[in-house]
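Engineer:
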Amino acid sequence: MRRQGAAAAAATARGKMDPRRQCTCEKSSADTGDVSAGDRITTLPLELRARIASLLPHWQEVVRLSVLSRAWRHIHHHTPAVKIDLCNFYIGEAPPMFGIVEPSILSVRVALGRRAQDASASRVDTLMLTYHVDDDRRLRRHADRIIALTDARSIRIRAPYREDPELQAWTVDLPPAAHHLEVVGSDSELEDVTPNLLAPAIAGSSAAALRKLNLESVLIREWPAHLPSLRYLSLAGVTIEAPFAPGAWCPLLEKLNISCAKVEHVRVDIRLPFLRFMNLDDLDVSPDGDSERPPFGEITIDAPELLRLAVNCDWPEFTADYKSFTLRAPRLRRLFWRNQFAEHVVINVGRAGSVKKGAIELRTIHRRDLKDYQEQMMRMLEGLLPDLPQENIADVSKPFITLEECNDSDDDDEDDKYEKLTCDIKALIRFKRKNIKALMSRGI
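Using full-length UniProt numbering, you'd call the opening residue of the sequence shown number 1 and step up by one each time.
1) DSSP puts M278 in a beta bridge; with which residues?
2) Output the distance between the C-alpha atoms of P57 and S186, rounded to the nearest integer angstrom.
3) Can you tell me which residues form a DSSP beta bridge with W337?
4) In whole angstroms, what is the alpha-carbon distance linking Y373 and T364?
5) Within this structure, are the beta carbons of L219 and A245 separated by less than 8 Å?
6) Among R51, A111, M128, which has the Cα closest to the Cα of C87?
7) From C23 to A207, what distance separates their C-alpha atoms?
8) Note down the Cα distance separating Q168 from F277, rounded to an integer number of angstroms.
9) What are the residues that DSSP puts in a beta bridge with I41?
10) Let me check understanding here. Comparing Cα to Cα, which of S354, S397, R211 lies closest to S154?
11) Taking DSSP as the reference, what is the three-state secondary structure of Y373?
12) With C-beta atoms as the reference, is A310 less than 8 Å away from F325?
13) Using 8 Å as the threshold, is the C-beta distance between L215 and L230 below it?
14) Measuring straight from C-alpha to C-alpha, what distance separates residue 502 and W249?
15) According to DSSP, which residues form a beta bridge with F244?
16) Mind checking D282: buried by the 16 CB within 10 Å criterion, or exposed?
17) Find out if the Cβ-Cβ distance for the pair A159, V124 is shorter than 8 Å.
18) Below 8 Å on the Cβ atoms is my contact criterion, and I expect H76 with A111 to pass it. Report the Cβ-Cβ distance as a whole number of Å.
19) Taking its Cβ as the centre, do 16 or more other Cβ atoms sit within 10 Å of H344, making it buried, or is it exposed?
20) Do you know whose CA, among R334, A203, E305, S107, lies nearest A225's CA?
21) Measuring CA to CA, which of Y232, L384, C406, K420 is closest to A427?
22) Once you ignore the five residues that flank I299 on each side, which residues in its own chain have a CB closer than 6 Å to its CB?
23) According to DSSP, is R430 part of a helix, a strand, or is it coil?
24) Nearest to T239 by alpha carbon, out of R221, R351, W337?
25) For L335, is the classification buried or exposed, using 16 other Cβ atoms within 10 angstroms of its Cβ as the cut-off for buried?
26) Whole angstroms is fine: what's the gap from R233's alpha carbon to L181's?
27) Any chance you could list the beta strand (DSSP E) runs of at least 3 consecutive residues sitting entirely within the segment 97-146, in chain order?
28) Quick check on this structure: which residue in I41, W337, D85, L46 has the alpha carbon closest to the alpha carbon of W59?
29) Less than 8 Å between the CB atoms is what I'm expecting for F274 and V285, so what's the real figure, rounded?
30) State the DSSP-derived secondary structure class of H77, mapped to helix, strand or coil.
31) Starting from E404, follow the beta strand (DSSP E) in both directions and report where the run begins and ends.
Right, here's the structure in full:
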């Protein structure tokens, strides 16, 4: 009995002295995080922690979180967004020195490859990749491999602005999961910068399945060969040298947004049978971007399913007048037109009163007199009120048209003063609908 008691006492003593037993407790504490010390993020669900980690500026920083504890070991396999800036691997402003830089980029590729092979990893929703497209071909191959490994649903490529780069043709190979591609040239903070990045060719296994395309601050010399599934197209700050006829390469387009863009062809031919929404903001149609020339552009829009059209010109002084604007949209419900002048306007909205809401606002600038804008407004109203005789439209619409003097500055400088002509389409259509019988009885 004494021997058994002594053995038990010795075992107890060894347990107190054995550091390996204490290590088990320490490891357990490290695995779960020390909540008492203020670490409450570790106790959150994995999905929420992954979203928080995605807020870090770069994916390499997310990878470094894996050393915190077992709970964070594979956090970089679950972040919904992957942000990689290959410019951060450069030394100063010089071109990439691949003897030093390339191993660091390869380590990123290895980490992405392990995530791709992990069956329990989450799918990447968004890849945000920044790099100079005109750099060494090896760097572009790294970028292509990163795009393939992430297999993201949304791919956003940024190419920082460079002075006088070589315009090089390049291609984005879309991985199977990709449905959204965004390419941005110069930084959005730079103003009045001519795009010096060519829009990419689009290839890859999911090019035919691409549904959304955003191009910003790029030079478009060629359109994609065919994007049969594209539903949304946004063009911002682009210069378009290619003929603009989107129906030839994205026939199923439903939404088209164009802003601060230049088209250097005389004709803009938009014939899209499924288009439902379109915004044209500061679309300059002029040869070589010369807005001081006489009216140049001939805009044609044939969209039988179009519901909403907004044409806006914030800077009429720097946007060329249109030679003609022709619209056929029998299902149009909303029309907003602001400041854009066209010498000849033809609007066909099918039956009278189909447009329920909207406004026409035209302001005088140095190139045009007020009577020119009054004539344009009457031509537009003729299309919106096809059941009324043309000679009576001015009388019917007069109560709903306002003319006011405005000033862009606080002083009395005559150069800053202008006249603004506005028509409330909603009120006009409502009045006409309620008083159609009286108007007809009066021969109007």
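Glycine included, C-beta positions come from ideal geometry on N, C-alpha and C. Please read all numbers here as calculations on a predicted model, not as lab measurements.
Structural biologist: Concretely, from the data shown:
1) Per DSSP, L256, L309.
2) One C-alpha to the other measures close to 19 Å.
3) DSSP output for W337 lists V311, I360 as bridge partner(s).
4) Answer to the nearest angstrom: the Cα atoms are 7 Å apart.
5) At least 8 Å separates the beta-carbon of L219 from that of A245.
6) Check the Cα spacing between C87 and each of R51, A111, M128: the tightest is with M128.
7) Only weak support exists for where C23 lies, its pLDDT of 45 falling under 50; the coordinates are left without a value.
8) Q168 and F277: Cα-Cα distance of roughly 33 Å.
9) Its beta-bridge partners do not exist; DSSP assigns none.
10) S154 has its Cα closest to that of R211, out of S354, S397, R211.
11) DSSP places Y373 in helix when its eight states are reduced to three.
12) Their beta carbons are not under 8 Å apart, which means A310 does not touch F325 by this criterion.
13) In terms of Cβ geometry, L215 and L230 do not form a close pair [threshold 8 Å].
14) Residue 502 lies beyond the range of the chain shown here (1 to 444); nothing can be said about it.
15) In DSSP, F244 forms a bridge with V268.
16) In this structure D282 is buried. Its beta-carbon is surrounded by 16 or more other beta-carbon atoms within 10 angstroms.
17) Cβ distance not < 8 Å, so A159 and V124 don't count as in contact.
18) The beta-carbon separation of H76 and A111, rounded to 7 Å, stays under the 8 Å limit for a contact.
19) Exposed, since its Cβ has fewer than 16 Cβ neighbours within 10 Å.
20) Each of R334, A203, E305, S107 was checked against the Cα of A225, and the nearest Cα belongs to A203.
21) The residue with the shortest Cα to Cα distance from A427 is L384.
22) Within the same chain, I299 has close Cβ partners V268, Y322, F325.
23) In the displayed model, R430 falls within a helix according to three-state DSSP.
24) Measuring from the Cα of T239, the nearest candidate turns out to be R221.
25) Buried, because 16 or more other Cβ atoms sit within 10 Å of the Cβ of L335.
26) Note on residue identity: the sequence assigns Leu, not Arg, to residue 233. Going by the C-alpha atoms only, they are around 10 Å apart.
27) Every beta strand (DSSP E) of 3 residues or more that sits fully in the segment 97-146 is shown, in chain order, as 126-130.
28) Considering only alpha carbons, the answer is D85.
29) Their Cβ separation, rounded to whole angstroms, is 24 Å, which puts F274 and V285 out of contact at 8 Å.
30) Correct three-state label for H77: helix.
31) Segment 401-407, the beta strand (DSSP E) holding E404.
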